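A.B. asks:
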Amino acid sequence: MPIIDADAHVIENESAWDYMLESERQFRPRIVGATNGDPAVDYWFIDGRLIPRSNVEKTLPEAARNMSDLSIRIKHMDELSIDIQVIYPTIFIFPTARRPEADLALCRSYNRWMADIVKQAPDRFRWVVVPPLLNMERVFEELNFGKEHGACGVYLRGLEADRRLSDSYFFPLYDAASKLDLPICVHSANGSIESHDFFLDEPGFCKFKLAVVGAFHSLVNDGIPERFPQLRIGIIEVSAQWIPYAIHDLARRHVRRGKQLSKNVLKDKRVWVTCQTDDDLEYILGYAGEDTLVIGTDYGHSDNASEIEALRKLRREGNLTPQVINKILDDNPRALYAL
Amino acid sequence: MLSIDADAHVIETEKTWDYLEGSDCRYRPVPITVDMPSGKTQNFWIIGGRLIGGRDNIGQDTAKESREMANIDSRLKHMDEIGTGVQVLYPTLFLRPVTDNPRIELALCRSYNRWMADIWSKAKDRLRWAVQLPLMTMDKALDELRWAHGNGACAVFMRGIETNHTLHDPYFFLCTKKPAGSTFPSVFIPVSAISQSMRFSTGSPSAWRSSS
C-alpha cells in the first residue's frame, strides 16, 4: 500500500526566482542578513517586506530541503517509507506581496520552478500551485498551468487578500478549482498583512493556526461547499484537535438558524484535515469520521507541527485499527488530492 | 450546594446611562432602530457618531424586565426556577468595540459600572459582576478597578484583543500593580477574557469584518 505524505515542504532558494520575466526582475526576492554576520538574522526581502528564512530543519541535507538534488530527497523518503510527497511552499506562509504585479511575478516564478522540479520524479512528488490572488483575472491561467504540470491542489492561507475565504471575491477561484478538479488546500499561514503584522510577536498560533481554523468555520458556515458542489477542501498543518470545537460551534449556529448540521459534516462538505500523531485521534474520529483525516511530516520545517517520522509512527504506535491507518496514509489523501 | 452561573449577561438599557455625570452626559448613547435592506429591523446604539450593534443578541427565553435588570426580583425568581444561586454578570454592549475615544470610553465605563453596582446592592448575595475598565486610560482604569472591587465586582471584563494590543502586552501589566504610596489594599480580582475583540476597522483585519 502506498504511503502519502500529505504535507511536505520545499525551502525556496534563489533559483526559485529565475523564472521571472525580464519585466518582473524588479520584484525578485533578495536574501538579506546582518552586516555583522549574525546567522540568526536571515530573511528574504520581498516587495518592501522581510520574510523570515528561519523555519528550516537543518539536520536535513540542504539539497533535500530545497529539492536541488531529488536523489537525496527520494533516498530519505525511502528510508521513511514515504512513497509520495505533496509539496507545499515555505515563503508563501507569510503575506509576501502588497502589489498585484509583485504577487503575480512571485507566484508565476515559483509555480514554474516547482513544475520543473516535480517533472524529474512525477511518480514521487506532487505539489500545490500558488494562485496570484491579487490578480484574480490571472488565477485560472495559473491553476491550469499547475494542473498540466503535476499540481494536485491550490495553496491558500487562512486569510487571503485581507478577506475571509468565504468572501465572494474568491468565487472565481473556487469555480476554477472545481473545473480543474483541484482541491483548495488551506495551510497554516496568513496572507493578510494587517492581521499577520498585528500578531507579529506571537509564536504563530494566533496569526497562522487560528486563521486557518477560522477559515474552515467561515467556509462551512457561509455555505461554500453547497455553492461549489465539486469543490474539495484541505485543512493543512493545524493538527486536528480543533475539529470537535469547530463542529460543535457550527452545529449550535445551525440549530439557531433552524437548520441541522449533518452527522458527518467533514465528509459531506468534502473537507479533509491533516492530523498529528499526538492528537487524540480516537476522540477526533468521533467527529471527523474515518474518511477525512490525512497526515503529513512537514518535511523541511522545524516547528510545532514538524514530525519527520509521523507516517511510520502512526502505523507503528497508533492505537487505531489497521483499516483506519490505511485510510489516513493512503485512501484519504488519494481522495483529497485526486491522486 | 450553591450553583454558580459563571457567565450570565445583562442587556443594557437607557437606564444604564443615567449615571453619566456633568459634561459626560454629552456622550450618552442613543438607541435607534434601522430598517435594513433585507426587510428586517436592527437595533443599534449611536455612540460617538458610530452605529454600534449588539442590541439584538437577546435570549427570548428571558423576560425583558429580567434581562434588563429593571426588576431584580423577577431575575432572582427566574434564577430560583433554574436552580442558580449566584450569577456573575457580564455586559452585552461591550462585547464589541464601542469607541476609540478615551473620554467616551471612560464616561461609558463609569456609568455602566455604577449601574451594575446599584444592581448588586439590591441582591448582594445573588448577583456579582465583572467590571468594565476604561483601558485606554490606564490610571483611570486602576481607579475604577478599586472602586468596583468595593462594590461587588468579582472579575475584570476583557475582550480577546483590547485597545489594539494582545492581552500579553506589557501595556496591561500596570493593572496588576499597586500604585506607590497607595493605602488602598491590593485588589485580588480575576481577569476574564471573553470571546470578542476590541478593534475598530481602522486597526482591525478587514478580513474578519462581519464575522460574529
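For the protein sequence lines, the chains are A and B, in the order given. When we follow the working numbering, the leftmost residue of the first sequence carries the number 1, and every step to the right adds one. When we follow the working numbering, the leftmost residue of the second sequence carries the number 1001, and every step to the right adds one. The C-beta atom is built at its ideal place from N, Cα and C for all residues, glycine as well. Model, not experiment: these values are computed from the prediction.
Apart from the five residues just before and just after A:Pro2, which ones in its own chain have a Cβ nearer than 6 Å to its Cβ?
C.D. replies: Asp83, Asp330.
A.B. asks: If we call anything under 9 Å between Cβ atoms a contact, is B:Gln1087 one with B:Ile1032?
C.D. replies: Taking 9 Å as the Cβ cut-off, B:Gln1087 and B:Ile1032 do not qualify as a contacting pair.
A.B. asks: Report yes or no: do three or more beta-carbon pairs, one from the segment 265–283 of chain A and one from the segment 236–247 of chain A, lie closer than 8 Å?
C.D. replies: Contact holds: three or more Cβ-Cβ distances are below 8 Å.
A.B. asks: Is it the case that the segment 122–130 of chain A contacts the segment 38–50 of chain A, given that we only count it when at least three CB pairs across the two stretches are under 8 Å?
C.D. replies: They do not touch, by the three-pair rule.
A.B. asks: Tell me, which residues are paired with A:Ala151 by DSSP?
C.D. replies: Per DSSP, A:Trp127.
A.B. asks: Would a check of beta-carbon distances place A:Phe208 closer than 9 Å to chain B?
C.D. replies: Closer than 9 Å: no.
A.B. asks: Might you give, ordered along the chain, the residues of its own chain that have their beta carbon closer than 6 Å to the beta carbon of B:Thr1084, omitting 5 neighbours on each side?
C.D. replies: If we look at B:Thr1084 and ignore the five residues flanking it on each side, its Cβ neighbours are Ser1003, Asp1005.
A.B. asks: Please tell me whether A:Ser302 and A:Val56 are closer than 9 Å, where the distance is taken between their beta carbons.
C.D. replies: Contact flag set, yes.
A.B. asks: Going along chain A, which residues have a C-beta under 9 Å from B:Thr1166?
C.D. replies: Within 9 Å Cβ-Cβ: Phe198, Phe199, Asp201, Glu202, Cys206.
A.B. asks: Using the beta-carbon count (16 or more within 10 Å), is A:Arg232 buried or exposed?
C.D. replies: That one is buried.
A.B. asks: How many Å lie between A:Glu14 and B:Asp1100 at the Cα?
C.D. replies: Rounded to whole angstroms, A:Glu14 to B:Asp1100 spans 45 Å at the Cα level.
A.B. asks: The alpha helix (DSSP H) that contains A:Gly286, what's its start and end?
C.D. replies: Taken as a continuous stretch (DSSP letters only), the alpha helix (DSSP H) holding A:Gly286 covers 281–288.
A.B. asks: Tell me whether B:His1168 sits in a helix, a strand or coil according to DSSP, three-state version.
C.D. replies: DSSP places B:His1168 in coil when its eight states are reduced to three.
A.B. asks: Output needed for B:Ala1130: all residues of its chain with C-beta closer than 6 Å, excluding positions within five of it in sequence on either side, in chain order.
C.D. replies: Hits under 6 Å: Tyr1090, Ala1155, Phe1157, Ser1192.
A.B. asks: Starting from A:Pro52, trace the beta strand (DSSP E) both ways and give me its first and last residue.
C.D. replies: Element bounds for A:Pro52: 49–52.
A.B. asks: So for A:Arg73, helix, strand or coil by DSSP?
C.D. replies: A:Arg73: helix per DSSP, three-state reduction.
A.B. asks: At least one CB of chain B closer than 9 Å to the CB of A:Gly258: is that the case?
C.D. replies: Not closer than 9 Å to any Cβ of chain B, the Cβ of A:Gly258 fails to qualify, so no.
A.B. asks: What is the C-beta distance between A:Phe228 and A:Tyr169, in whole angstroms, given that I count them as a contact (C-beta under 8 Å)?
C.D. replies: Not really, about 14 Å apart at Cβ, beyond 8 Å.
A.B. asks: Looking only at DSSP bridge pairs, what is A:Asn144 linked to?
C.D. replies: None, per the DSSP bridge assignment.
A.B. asks: From A:Pro39 to A:Ile72, what does the alpha carbon distance come to, in whole angstroms?
C.D. replies: If you take the alpha carbons of A:Pro39 and A:Ile72, they lie about 25 Å apart.
A.B. asks: Should B:Cys1025 go down as buried or exposed, given a rule of 16 or more other Cβ atoms within 10 Å for buried?
C.D. replies: Its Cβ having fewer than 16 others within 10 Å, B:Cys1025 is exposed.
A.B. asks: Can you find at least 3 beta carbon pairs, one from the segment 152–164 of chain A and one from the segment 86–102 of chain A, that sit closer than 8 Å?
C.D. replies: Touching, yes, given that three or more Cβ pairs across the two stretches are closer than 8 Å.
A.B. asks: Tell me which same chain residues have a C-beta within less than 6 Å of the C-beta of A:Ser178, skipping the five on either side of it?
C.D. replies: Cβ within range, chain order: Phe228, Gln230, Leu231.
A.B. asks: Suppose you measure from the CA of B:Gly1216 to the CA of A:Ile74; what does that come to, to the nearest Å?
C.D. replies: Look at the range of chain B in this structure, 1001 to 1212, and you will see that residue 1216 of chain B is not part of it.
A.B. asks: Looking at the secondary structure, which residues open and close the beta strand (DSSP E) in which B:Pro1031 lies?
C.D. replies: Note, B:Pro1031: beta strand (DSSP E), 1030–1035.
A.B. asks: Taking the continuous alpha helix (DSSP H) assigned at A:Cys206, which residues delimit it?
C.D. replies: No alpha helix (DSSP H) holds A:Cys206; DSSP gives it neither H nor E.
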